[in-house]
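Taking it in order: structure first as structure tokens, then the write-up.
Protein chains: 2
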Amino acid sequence: MTRPTPLSGFPEWLPGQRIIEQTVLDRIRGTFELHGFAPIETRAVEPMDQLLRKGETSKEVYVLRRLQAEGADSSDSGLGLHFDLTVPFARYVLENSGKLAFPFRRYQIQKCWRGERPQEGRYREFYQADIDIIDRETLPNHYEAELPVVVADALASLPVRFTMHVNNRKLSEGFYRGLGLSDPMAALRVIDKLDKVGPDKVAVMLAEQAGASEAQAAACLKLADISTPDSSFVDAVRALGVTDPLLDEGLEELAAVLDTAAEHAPGLLVADMRIARGLDYYTGTVYETFIEGREKFGSVCSGGRYDTLAQSGNDTFPGVGLSIGVSRILGVLFGSGALTVSRPTPTCVLVALPAEEDRPACNRIAAALRGRGIAVEVAPAAAKFGKQIKFAEKRGIPFVWFPGDEQQVKDIRSGEQAVADPATWTPPVADLRPTVA
Amino acid sequence: MTRPTPLSGFPEWLPGQRIIEQTVLDRIRGTFELHGFAPIETRAVEPMDQLLRKGETSKEVYVLRRLQAEGADSSDSGLGLHFDLTVPFARYVLENSGKLAFPFRRYQIQKCWRGERPQEGRYREFYQADIDIIDRETLPNHYEAELPVVVADALASLPVRFTMHVNNRKLSEGFYRGLGLSDPMAALRVIDKLDKVGPDKVAVMLAEQAGASEAQAAACLKLADISTPDSSFVDAVRALGVTDPLLDEGLEELAAVLDTAAEHAPGLLVADMRIARGLDYYTGTVYETFIEGREKFGSVCSGGRYDTLAQSGNDTFPGVGLSIGVSRILGVLFGSGALTVSRPTPTCVLVALPAEEDRPACNRIAAALRGRGIAVEVAPAAAKFGKQIKFAEKRGIPFVWFPGDEQQVKDIRSGEQAVADPATWTPPVADLRPTVA
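Encoded structure:
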């Protein structure tokens, strides 16, 4: 075949980058588990009617068909690849509600697909790492304060700073209602465009699409301008002179989210009244997260509270979730060379091969070391030891083992060489596995 | 929405089962890394012309299209979901050959998709865990002996016995050639049907499709009957009186595979001359693995040596690979209840909540324990402690922590309760994480 070329939007990493990606995913998973989230995975496909419920994103769905679908078997027609993990999770909860213990804390780390036009920070295939807490009938608000703390822990080791902008749908909707707007959702959708089109255009759109007077539009824009790193936003909103019971609820809930984060993840959160999120199903706190200095890449961790996404007959399962855009974060970090790995292979020790007939003896040495948790490979072919050391050097393998009556191991970085026994020798902890810095 | 129902062929697990699946995948990954295999992942999609190169499986491919593909942008037309990890890996090696160090040892654990009719042991979405070693120009035969040992280590902890049936294409092809058959590949394809259609029908097909005389067909069937747990098959084949240089090569290579496994994975391998593998691209050792007593589920770990799969212009990258069908194995083990998990959540400690206003204090206790690697969640709501203990019990959480001036921790299985400090208390190692038995 002719040499293949990459597919735009479908990133693939070299082994060293994949080790970094795995390390990041492992840390995220480890943090989610420390916070008591249980793992699930959902299938990659969902019925199209599920995928199209959500509006905004539906046009980007990849639809499947079997190459030679038989007429009699159409069980897999009408399927598409999931574009996020929230819609599949809501479906999973409804399907398995009888077998789950509520409140149900779950994490889910999987690839998603969207047929978006590829650009910096936007892929067609990407990893999402989600946590959600879902309950039956009612869901206490403290979970809305808990999730940002979990995400802060999960991302703590990365060499960039994150700022999570939070708002509350009740706050915005209550404010618009208190202002006298009859269609608060329409106002919300317009405010969501603020960063894209600017305040003047938004004022016009508020008049056209949400029936706002000039004074009402000005008040909406004033609200959207409020942004504080603590709960002082409450006074700033009150100063606008609008009152509404739903607004009060929203203010109280959002202040609690800010206060909890102030203790456990200081500096992470900003209350930001212009955060709206395009999706209809959010009903409480909404979150968007940006990498400091890389805001143009868009949000790298978004989510919110949803009260009616998972609903079937009389059963309602309100939830709150946050979704880390792992691929987008890694794209930024790989792009700036901010993460490096000590070697692009797990191998810690190369067992040198004096002659091909020594392979069984070398395999025994390798097996003894592996039995004690040390990653080993045996040299591919007998050759001068200098050549075998170069083989290790090229791969960043730190140690070469020389078999024989008196076995020796050489740290090829320092040149130090010492007698060693595969039943007892141990490398420095820092060399045992590839390390990410 | 109405309560959704499962999709046939797309298995989804409950959290406890997913913890088991993760544990199995982690062990496989850990073993692959101990043997020096580096990780990669390839995108889920491949160009259709790549997927259709392989023949046999191509009719089962899922084809993708974007729901609203724009005329100007057809960059993702003609894509399908990969049905294995070998074809994508060969493509990846060609695409990145300038950046990889050869011989390249890689593992790859990902989902694959096939539009097969779902049945016991056959899914439409499933996990494969692959190892391959690929080199430039030539590949030493010792790798064909090494891979079964790695797989034996990877599957060692599972509560079933595996038997890997191995053959060598050179052996079969050399034998057919030595017999005087002009189209050895045709004979190979017929022998591959032996288990399905039986010897009488195969004899007829050998005559029809491979031009075999009655004596030649009988010799082919005699060869297919040879099966030994050690290298004694060499004498059995020689006794059939056929000679050919390629046959000699195949006998020698297969004997070496058996001898290596006899030392490092005793009882795993059977030399089995009826193993043919349907795929054209194999050129040396071929492998198929069965769970003892569950042979009807089909092979759970297959592969072989391929000399020309990854080829571009003058560059050839011969390789050898084995692919573990993780989902098929788990399907069998879940079906028989052979694997259980100690609890369906990572949580080791539930911090009880005396009153909602104690939540910040309880969060601090949880954070202290998490900082020392212990998975913790705080109770969802203030309630009588008896109710909170029941909450833990229902989830299999072994410990409940009682905050206060004198903090205490209770093992709710034994009822033992003791004063404890979150800065120093440690659970028994066996309770730290869910354990799979």
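Protein chains in written order, with our numbering: chain A, 1 to 437; chain B, 1001 to 1437. Think of the CB as a built atom: it goes at the ideal place given N, C-alpha and C, for glycine as much as any other residue.
Nearest candidate by alpha-carbon position, reference residue i, set the options
| i | options | result |
| --- | --- | --- |
| B/A1212 | B/V1197, B/S1232, B/P1184 | B/P1184 |
| A/L251 | A/A261, A/A239, A/V234 | A/V234 |
| B/W1113 | B/Y1062, B/V1150, B/H1165 | B/Y1062 |
| A/A262 | A/L432, A/T163, A/K384 | A/T163 |
| B/S1231 | B/V1166, B/L1147, B/Y1176 | B/V1166 |
| B/S1299 | B/R1122, B/L1179, B/T1031 | B/R1122 |
| B/E1146 | B/T1260, B/D1195, B/Q1068 | B/T1260 |
| B/L1206 | B/I1191, B/G1198, B/G1373, B/K1196 | B/I1191 |
| B/T1340 | B/P1011, B/Q1017, B/P1004 | B/Q1017 |
| A/P39 | B/R1343, B/L1007, B/S1327 | B/R1343 |
| B/Y1281 | B/F1290, B/A1271, B/H1264, B/G1303 | B/G1303 |
| A/R294 | A/P159, A/D248, A/W401 | A/P159 |
| A/K390 | A/L350, A/A375, A/S97 | A/L350 |
| A/D272 | A/E249, A/H264, A/T228 | A/T228 |
| B/E1120 | B/G1386, B/D1248, B/P1011 | B/P1011 |
| A/A361 | A/F385, A/F334, A/N96, A/W401 | A/W401 |
| B/A1218 | B/L1240, B/V1197, B/A1236, B/Q1209 | B/L1240 |
| A/D411 | A/D405, A/F399, A/A418 | A/F399 |
| A/F102 | B/Q1216, B/D1307, B/A1392 | B/A1392 |
| A/R149 | A/C301, A/F385, A/G337 | Note that residue 149 of chain A is Val in the sequence shown, not Arg. Comparing Cα-Cα distances from A/V149 to each of A/C301, A/F385, A/G337, the minimum goes to A/C301. |
Same chain, Cβ closer than 6 Å to residue i, neighbours up to 5 away in sequence not counted
| i | result |
| --- | --- |
| A/I134 | V93, F104, F317, G319 |
| A/R161 | E292 |
| A/T426 | none |
| B/L1309 | A1090, Y1281 |
| A/Q311 | none |
| A/Q128 | L85, C112, S323 |
| B/R1238 | none |
| A/R328 | G121, V300 |
Start and end residues, alpha helix (DSSP H) containing residue i
| i | result |
| --- | --- |
| B/I1397 | Per DSSP, B/I1397 belongs to no alpha helix (DSSP H) and is neither H nor E. |
| A/R238 | 233 to 238 |
| B/K1222 | 1214 to 1224 |
| B/S1327 | 1326 to 1335 |
| A/R3 | Unbroken run through A/R3: none, as it is neither H nor E. |
| A/R65 | Segment 62 to 66 is the beta strand (DSSP E) holding A/R65; no alpha helix (DSSP H) there. |
| A/V197 | 194 to 197 |
| B/F1102 | Per DSSP, B/F1102 belongs to no alpha helix (DSSP H) and is neither H nor E. |
| B/V1149 | 1142 to 1155 |
| B/A1271 | Run containing B/A1271: none in the alpha helix (DSSP H); it sits in the beta strand (DSSP E), 1269 to 1272. |
Neighbourhood of residue i by C-beta, 8 Å cutoff - its chain only, sequence neighbours within 5 removed
| i | result |
| --- | --- |
| A/G415 | none |
| B/L1188 | R1169, S1172, E1173, Y1176, A1276 |
| B/L1100 | V1093 |
| B/L1079 | V1045, E1046, P1047, M1048, V1063, L1064 |
| B/G1071 | The predicted model places B/G1071 with a pLDDT of 49, which falls under 50 and marks its position as unreliable; any figure quoted below should be read in that light. Result list for B/G1071: empty, nothing under 8 Å. |
Endpoints, beta strand (DSSP E) assigned at residue i
| i | result |
| --- | --- |
| B/N1168 | 1162 to 1168 |
| B/K1296 | Here B/K1296 belongs to no beta strand (DSSP E), and DSSP marks it neither H nor E. |
| B/Y1123 | It is not in any beta strand (DSSP E) - B/Y1123 carries neither H nor E in the DSSP assignment. |
| B/C1348 | First-last for B/C1348: undefined, no H or E at that position. |
| B/L1188 | No beta strand (DSSP E) holds B/L1188; the alpha helix (DSSP H) holding it covers 1184 to 1191. |
| A/F290 | 282 to 291 |
Cutoff 7 Å; reference residue i; Cβ partners in own chain excluding five residues on either side
| i | result |
| --- | --- |
| B/E1144 | E1253, V1257, G1284, T1285, R1305, V1320 |
| A/A420 | Q407, Q408, V409 |
| A/P199 | L221 |
| B/L1194 | V1202, A1224, R1274 |
| A/A418 | Q408, V409 |
| A/R433 | P346 |
Would you check if the region 170 to 188 of chain A and the region 241 to 248 of chain A touch, i.e. whether three or more CB-CB distances between them fall below 8 Å?
Counting Cβ pairs under 8 Å, three or more are found: they touch.
Of all the residues that make up the region 325 to 352 of chain A, which are near chain B by a beta-carbon distance shorter than 7 Å?
So the close ones are P344, T345, P346, T347.
Within 8 Å of chain B by C-beta, residues of the region 223 to 248 of chain A in sequence order
From the region 223 to 248 of chain A, no residue has a Cβ closer than 8 Å to chain B.
When the Cβ atoms of the region 353 to 361 of chain A are set against those of the region 26 to 42 of chain A, are three or more pairs found closer than 8 Å?
Short answer: they don't touch.
Any C-beta of chain A within less than 8 Å: which residues of the region 1251 to 1266 of chain B qualify?
Across the region 1251 to 1266 of chain B, CB contacts with chain A closer than 8 Å involve T1260, E1263, H1264, in sequence order along the chain.
With 7 Å as the limit, tell me which residues of the region 1386 to 1413 of chain B have their beta carbon closer than that to any beta carbon of chain A; keep them in chain order.
Of all residues in the region 1386 to 1413 of chain B, those with a C-beta nearer than 7 Å to a C-beta of chain A are K1394, R1395, reading in chain order.
Using a beta-carbon distance cut-off of less than 9 Å, what residues from the region 1277 to 1298 of chain B approach chain A?
If the cut-off is 9 Å between Cβ atoms, the region 1277 to 1298 of chain B has nothing near chain A.
When Cβ atoms are compared, which residues of the region 1152 to 1172 of chain B fall closer than 7 Å to chain A?
Within the region 1152 to 1172 of chain B, no residue places its CB atom closer than 7 Å to a CB of chain A.
Listed in chain order, which residues of the region 1082 to 1104 of chain B have Cβ atoms closer than 7 Å to some Cβ of chain A?
Listed in sequence order: R1091, Y1092, L1094, E1095, N1096, K1099, A1101, P1103.
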